[in-house]
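Protein sequences, first through last, are from chains B and E. Numbering that gives the first Met the number 0 puts the first sequence at residues 0 to 135. Numbering that gives the first Met the number 0 puts the second sequence at residues 0 to 403.
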Amino acid sequence: MAYSDKVLDHYQNPRNVGSLDKDDPNVGTGVVGAPECGDVMKLQIKVGDDGKIVDAKFKTYGCGSAIASSSLATEWLKGASVDSAAQIKNTQIVEELSLPPVKIHCSVLAEDAIKAAIEDWRRKQSAREDGAGAGA
Amino acid sequence: MKTPVYLDYSATTPCDPRVVQRMLPFFSETFGNAASRSHAFGWTAEAAVDEARDQVAQLLGAHPKEILWTSGSTEANNLAIKGVAEMYRPKGNHLITAATEHKAVLDPMKHLEAQGFEVTWLRVDGRGHVDLAELAAAITDRTILVSLMAANNEIGTLHPLAEIGALCKQKGTLFHTDATQAAGKIPLDVEAQHIDLLSLSAHKMYGPKGVGCLYVRRKNPRVRLVAQMDGGGHERGMRSGTLNVTGIVGMGEAARICRTEMATEVPKLRALRDRLEQRILAQLPDAVRNGDPDARLPHLANLSFPYVEGESLIMGVKELAVSSGSACTSASLEPSYVLKSLGLGDELAHSSIRFSLGRFTTEAEVDFAVDRVVQEVKRLREMSPLWEMVQEGVDLSKVKWTVH
Numbered sequence: 000m001a002y003s004d005k006v007l008d009h010y011q012n013p014r015n016v017g018s019l020d021k022d023d024p025n026v027g028t029g030v031v032g033a034p035e036c037g038d039v040m041k042l043q044i045k046v047g048d049d050g051k052i053v054d055a056k057f058k059t060y061g062c063g064s065a066i067a068s069s070s071l072a073t074e075w076l077k078g079a080s081v082d083s084a085a086q087i088k089n090t091q092i093v094e095e096l097s098l099p100p101v102k103i104h105c106s107v108l109a110e111d112a113i114k115a116a117i118e119d120w121r122r123k124q125s126a127r128e129d130g131a132g133a134g135a
Numbered sequence: 000m001k002t003p004v005y006l007d008y009s010a011t012t013p014c015d016p017r018v019v020q021r022m023l024p025f026f027s028e029t030f031g032n033a034a035s036r037s038h039a040f041g042w043t044a045e046a047a048v049d050e051a052r053d054q055v056a057q058l059l060g061a062h063p064k065e066i067l068w069t070s071g072s073t074e075a076n077n078l079a080i081k082g083v084a085e086m087y088r089p090k091g092n093h094l095i096t097a098a099t100e101h102k103a104v105l106d107p108m109k110h111l112e113a114q115g116f117e118v119t120w121l122r123v124d125g126r127g128h129v130d131l132a133e134l135a136a137a138i139t140d141r142t143i144l145v146s147l148m149a150a151n152n153e154i155g156t157l158h159p160l161a162e163i164g165a166l167c168k169q170k171g172t173l174f175h176t177d178a179t180q181a182a183g184k185i186p187l188d189v190e191a192q193h194i195d196l197l198s199l200s201a202h203k204m205y206g207p208k209g210v211g212c213l214y215v216r217r218k219n220p221r222v223r224l225v226a227q228m229d230g231g232g233h234e235r236g237m238r239s240g241t242l243n244v245t246g247i248v249g250m251g252e253a254a255r256i257c258r259t260e261m262a263t264e265v266p267k268l269r270a271l272r273d274r275l276e277q278r279i280l281a282q283l284p285d286a287v288r289n290g291d292p293d294a295r296l297p298h299l300a301n302l303s304f305p306y307v308e309g310e311s312l313i314m315g316v317k318e319l320a321v322s323s324g325s326a327c328t329s330a331s332l333e334p335s336y337v338l339k340s341l342g343l344g345d346e347l348a349h350s351s352i353r354f355s356l357g358r359f360t361t362e363a364e365v366d367f368a369v370d371r372v373v374q375e376v377k378r379l380r381e382m383s384p385l386w387e388m389v390q391e392g393v394d395l396s397k398v399k400w401t402v403h
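Next comes the structure, spelled out in structure tokens:
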């Protein structure tokens with residue numbers, strides 16, 4: 000399969016590989032996919048007090064397009080507000096990386112991972128607010 | 000050393016230079032039609048075809064008249080399976096094969112199944128072997144053909160041809176074997192192994208693409224086939240079509256080289272393959288070797304690299320021409336049906352690479368391949384959430400995944 004230059008670039012020089020402390024209340028973690036399907040993505044965001052994403056990290060088990068999709072996603076997430084991050088669509092990833100139809104699921108997985116990470120962060124935030132309310 | 004390094008000899012081989020030399024005059028000098036009986040051009044072509052037939056027959060311990068030229072193994076398998084099924088239908092409508100066969104056997108079988116034939120699909124064990132007792136039990140008086148490959152193309156497991164052949168003979172059913180991957184790698188003898196039909200392809204044995212043959216037993220028993228290609232009645236009516244004289248000459252020479260050099264070539268291949276496998280396993284102890292460690296082709300290694308996905312690994316080792324045990328590189332995104340038949344989890348089936356070495360592989364190429372694979376597996380593991388979880392002590396089988 001021929002890969003686009005952008006996929007190759009992200010695959011060879013992936014941005015933001017790594018992990019954030021998943022127990023940090025400001026970190027949201029999303030893990031999507033399954034080993035038997037051939038791809039698992041872990042995507043993490045760290046959100047500042049102003050609601051902006053200050054850091055994003057990923058680890059991906061999957062094909063080159065899956066690695067590139069998640070690498071690109073972390074680039075887009077960094078500096079974005081949580082609300083605008085939630086608007087990222089898989090079709091934007093497809094377009095940016097010129098993914099062929101057979102690899103569209105990689106972009107879907109990346110979108111799901113972003114949403115899962117945001118959801119995790121929001122859950123932690125509301126738990127904290129609830130906790131703070133109960134303590135007052 | 001030139002890159003990419005070719006380690007995909009099970010997909011196809013380059014023509015041996017000696018094969019090319021033998022073929023060259025037949026393109027434009029001695030270009031006759033082997034079926035032209037009225038002049039010297041035809042006679043020369045026919046003599047060359049006969050010589051090649053003799054060479055291929057010698058490789059198999061067969062009589063030259065038992066060799067039918069085809070366009071390759073796919074055609075030979077189709078002719079053997081469909082040709083026997085149509086000819087012997089009055090005797091029975093039952094055929095037996097195994098789940099790990101090549102598509103060129105599985106699909107003709109499915110075609111027959113759709114036409115009302117009954118097909119038994121034998122399971123294989125974790126090493127790729129069929130259970131001979133299960134095979135024996137599956138054969139009935141309605142069974143007309145057993146088709147089991149000599150060597151598996153993905154994992155290299157060798158079926159015990161002599162035992163299967165003896166069993167088929169004893170039970171009175173025909174035995175076909177697809178020996179495409181085995182030719183020149185293991186001894187083939189249609190008498191000792193009781194083989195009734197056998198398929199070969201020239202391009203897997205350093206001959207040209209587009210030519211192959213089917214061995215069809217002539218005596219004890221005389222095997223008959225319904226032709227699948229009708230026309231001028233070539234090949235005693237069993238396969239019409241002007242003979243590919245140039246290709247056939249190449250296949251004959253390729254067969255001669257395989258037969259005369261196998262004894263020296265095989266130990267060399269095995270040593271290189273073992274070097275590759277041992278060096279990778281020493282540096283990546285949790286890599287998994289697929290297939291049978293003993294009864295297998297000497298030039299092939301199929302390894303799974305847990306926590307790393309096969310397609311991304313192949314993409315990473317772009318200086319190596321290897322293939323994924325998984326069909327991920329095609330459009331299907333399905334892991335290899337052969338590896339799944341062994342009972343390998345989808346995850347390991349998604350993480351495998353087939354290395355197949357050949358006549359022109361060097362030690363330096365093997366060492367380079369080892370370094371590149373080890374380096375890339377380590378890089379991808381650092382990127383793998385599965386590897387991270389395992390390092391943290393997570394049992395991956397207990398994780399609730401979001402299957403999509």
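Just so it is clear, CB atoms sit at the ideal spot from N, CA and C, and this is done for glycine as well.
- Message: Does Thr-59(B) pass the burial test, meaning 16 or more other C-beta atoms within 10 Å, or should it be called exposed?
- Response: Here residue 59(B) refers to the residue found at position 60 of the first sequence. A buried status is given to Thr-59(B), since no fewer than 16 other beta-carbon atoms sit within 10 Å of its beta-carbon.
- Terminal residues of the beta strand (DSSP E) in which Phe-30(E) lies: Translated into the one-based positions of the second sequence, residue 30(E) becomes position 31. For Phe-30(E), there is no enclosing beta strand (DSSP E), as DSSP marks it with neither H nor E.
- How many angstroms separate the CA atom of Gly-342(E) from the CA atom of Asp-124(E)? Position 343 of the second sequence, counting from 1, holds the residue named residue 342(E). Position 125 of the second sequence, counting from 1, holds the residue named residue 124(E). Roughly 8 Å separates the two Cα atoms.
- Along the beta strand (DSSP E) that carries Gly-27(B), what are the first and last residues, could you check? Walking along the first sequence from the start, residue 27(B) turns up at place 28. First-last of the beta strand (DSSP E) with Gly-27(B): 26 to 33.
- Task: Look up Met-40(B) in the DSSP assignment and say whether it is helix, strand or coil.
- Result: Here residue 40(B) refers to the residue found at position 41 when the first sequence is read from its first residue. The three-state secondary structure of Met-40(B), taken from DSSP, is strand.
- Message: Run through chain E and tell me which residues come within less than 7 Å of Leu-117(B), C-beta to C-beta.
- Response: Against the first sequence, residue 117(B) aligns to sequence position 118. The sequence shown places Ile at residue 117(B), rather than the Leu named in the question. The contacting residues do not exist; Ile-117(B) stays about 15 Å from chain E at best.
- Query: Would you call Ala-135(E) buried or exposed, if buried means 16 or more other Cβ atoms sit within 10 Å of its Cβ?
  - Reply: As a working note, residue 135(E) is residue 136 in the second sequence. It is exposed - the Cβ of Ala-135(E) has fewer than 16 other Cβ atoms within 10 Å.
- Message: On the DSSP letters alone, give me the boundaries of the alpha helix (DSSP H) that Phe-359(E) sits inside.
- Response: As a first step, residue 359(E) must be located in the second sequence, where it is residue number 360. Taken as a continuous stretch (DSSP letters only), Phe-359(E) belongs to no alpha helix (DSSP H), as it is neither H nor E.
- Message: Would Pro-384(E) pass as an interface residue toward chain B - the criterion being a Cβ-Cβ separation below 8 Å?
- Response: Numbered from 1 along the second sequence, position 385 holds the residue referred to as residue 384(E). Yes, because at least one Cβ of chain B sits closer than 8 Å to the Cβ of Pro-384(E).
- Name the chain B residues that come within less than 7 Å of Glu-375(E), Cβ to Cβ? Residue numbering aside, residue 375(E) sits at position 376 when the second sequence is read from its first letter. What Glu-375(E) touches in chain B: nothing, since even the nearest Cβ is about 11 Å away.
- Message: If we require 4 or more residues per run, which alpha helix (DSSP H) segments fall completely within the stretch 251 to 317 of chain E?
- Response: As summarised for the stretch 251 to 317 of chain E, the continuous alpha helix (DSSP H) elements at least 4 residues long and confined to that stretch are 309 to 315, given in chain order.
- Task: Name, going along the chain, the residues of the stretch 191 to 213 of chain E whose beta-carbon falls closer than 9 Å to a beta-carbon of chain B.
- Result: Taking 9 Å as the Cβ-Cβ cut-off against chain B, none of the residues of the stretch 191 to 213 of chain E qualify.
- Item | Reference Arg-295(E); option with closest CA among Ser-323(E), Ala-181(E) and Phe-359(E) | Your numbering for residue 295(E) matches position 296 in the second sequence. The option with the nearest alpha carbon to Arg-295(E) is Ala-181(E).
- Would you verify that the beta carbon of Gly-32(B) is, or is not, closer than 8 Å to some beta carbon of chain E? Taking the first residue of the first sequence as position 1, residue 32(B) is located at position 33. It does; some Cβ of chain E falls within 8 Å.
- Task: Give a yes or no on whether the C-beta atoms belonging to Asp-23(B) and Gly-32(B) are separated by under 8 Å.
- Result: Indexing the first sequence from 1 puts residue 23(B) at position 24. Indexing the first sequence from 1 puts residue 32(B) at position 33. The answer is no: Cβ separation not under 8 Å.
- Secondary structure of Leu-343(E), DSSP reduced to three states: The count along the second sequence starts at 1 and reaches residue 343(E) at position 344. Correct three-state label for Leu-343(E): coil.
- Verify the CB distance criterion: does Ser-322(E) have a CB-CB separation below 8 Å to chain B? Here residue 322(E) refers to the residue found at position 323 when the second sequence is read from its first residue. Not a single C-beta of chain B is nearer than 8 Å to the C-beta of Ser-322(E).
- Query: Would Thr-2(E) count as contacting chain B if we go by Cβ distances under 8 Å?
  - Reply: One-based indexing of the second sequence puts residue 2(E) at position 3. False, the Cβ-Cβ gap to chain B never drops below 8 Å.
- Run through the stretch 171 to 215 of chain E for me and flag every whole beta strand (DSSP E) of 3 or more residues, listed as ranges in chain order. Listed in chain order, they are 173 to 177, 196 to 200 and 211 to 215.
- Using DSSP with H/G/I as helix, E/B as strand and the rest coil, what is Glu-117(E)? As a working note, residue 117(E) is residue 118 in the second sequence. Here Glu-117(E) sits in strand by DSSP.
- Where Val-321(E) sits in the DSSP three-state scheme: For this step, residue 321(E) is matched to residue 322 along the second sequence. Here Val-321(E) sits in coil by DSSP.
- Query: If you measure from the beta carbon of Asp-54(B) to each beta carbon in chain E, is any gap under 8 Å?
  - Reply: Here residue 54(B) corresponds to residue number 55 of the first sequence, with the count starting at 1. Answer no: the Cβ-Cβ gap between Asp-54(B) and chain E never drops below 8 Å.
- Item | Burial state of Glu-128(B), where buried means 16 or more other Cβ atoms lie within 10 Å | Taking the first sequence and counting its residues from 1, the one referred to as residue 128(B) is at position 129. Label assigned to Glu-128(B): exposed.
- Item | As assigned by DSSP and simplified to three states, the class of Ser-239(E) | For the purposes of this step, residue 239(E) is taken as the residue at position 240 of the second sequence. Correct three-state label for Ser-239(E): coil.
- Task: Look at the alpha carbon of Ala-116(B) and the alpha carbon of Val-46(B), and state the distance between them as a whole number of angstroms.
- Result: Against the first sequence, residue 116(B) aligns to sequence position 117. Against the first sequence, residue 46(B) aligns to sequence position 47. Their Cα atoms are separated by approximately 11 Å.
- Element boundaries [alpha helix (DSSP H), containing Trp-400(E)]: Here residue 400(E) is taken as the residue at index 401 of the second sequence, counted from 1. Unbroken run through Trp-400(E): none, as it is neither H nor E.
- Item | Met-108(E) at chain B interface by Cβ criterion, 8 Å | Taking the second sequence and counting its residues from 1, one reaches residue 108(E) at position 109. It does not; no Cβ of chain B falls within 8 Å.
- Message: Quick check on the DSSP output: the alpha helix (DSSP H) that includes Val-5(B) runs from which residue to which?
- Response: In the first sequence, the residue the question calls residue 5(B) occupies position 6. In the sequence as presented, Val is not what sits at residue 5(B); that position holds Lys. From DSSP, the alpha helix (DSSP H) with Lys-5(B) extends over 4 to 11.
- Message: For a cutoff of 8 Å on Cβ pairs, would you count Ala-330(E) as touching chain B?
- Response: As a working mapping, residue 330(E) is identified with position 331 in the second sequence. Because the pLDDT at Ala-330(E) is just 44, under 50, the model does not fix this residue reliably, and the value given afterwards should be weighed accordingly. At least one chain B Cβ lies under 8 Å of Ala-330(E).
- Message: Quick check on DSSP: helix, strand or coil for Thr-328(E)?
- Response: Looking up residue 328(E) in the second sequence gives position 329. With a pLDDT of 41 at Thr-328(E), under the threshold of 50, the modelled position of this residue cannot be trusted, and the question is left open.
- Message: Once the 5 residues before and after Gly-392(E) are set aside, which same chain residues still bring their CB inside 8 Å of it?
- Response: Within the second sequence, numbered from 1, the residue matching residue 392(E) stands at position 393. Excluding residues within five positions, none has a Cβ falling inside 8 Å.
- So, does the CB of Glu-318(E) fall closer than 8 Å to a CB anywhere in chain B? Numbered from its first residue, the second sequence carries residue 318(E) at position 319. Taking Cβ atoms only, chain B never reaches closer than 8 Å to Glu-318(E), which makes this a no.
- Per the contact definition of three or more C-beta pairs closer than 8 Å, is the stretch 141 to 152 of chain E in contact with the stretch 173 to 187 of chain E? They touch, by the three-pair rule.
- Can you check whether the CB of Cys-14(E) is closer than 8 Å to the CB of Gly-249(E)? Numbered from its first residue, the second sequence carries residue 249(E) at position 250. Numbered from its first residue, the second sequence carries residue 14(E) at position 15. With respect to Cys-14(E), Gly-249(E) sits close: the two C-beta atoms are nearer than 8 Å.
- Item | Interface residues of the stretch 80 to 94 of chain B facing chain E [CB-CB below 9 Å] | Result list empty, no residue passes.
- Message: Below 8 Å on the Cβ atoms is my contact criterion, and I expect Val-129(E) with Leu-94(E) to pass it. Report the Cβ-Cβ distance as a whole number of Å.
- Response: Reading the second sequence from its first residue, position 130 is the one you call residue 129(E). Reading the second sequence from its first residue, position 95 is the one you call residue 94(E). Contact doesn't hold; Cβ gap of about 14 Å is too wide.
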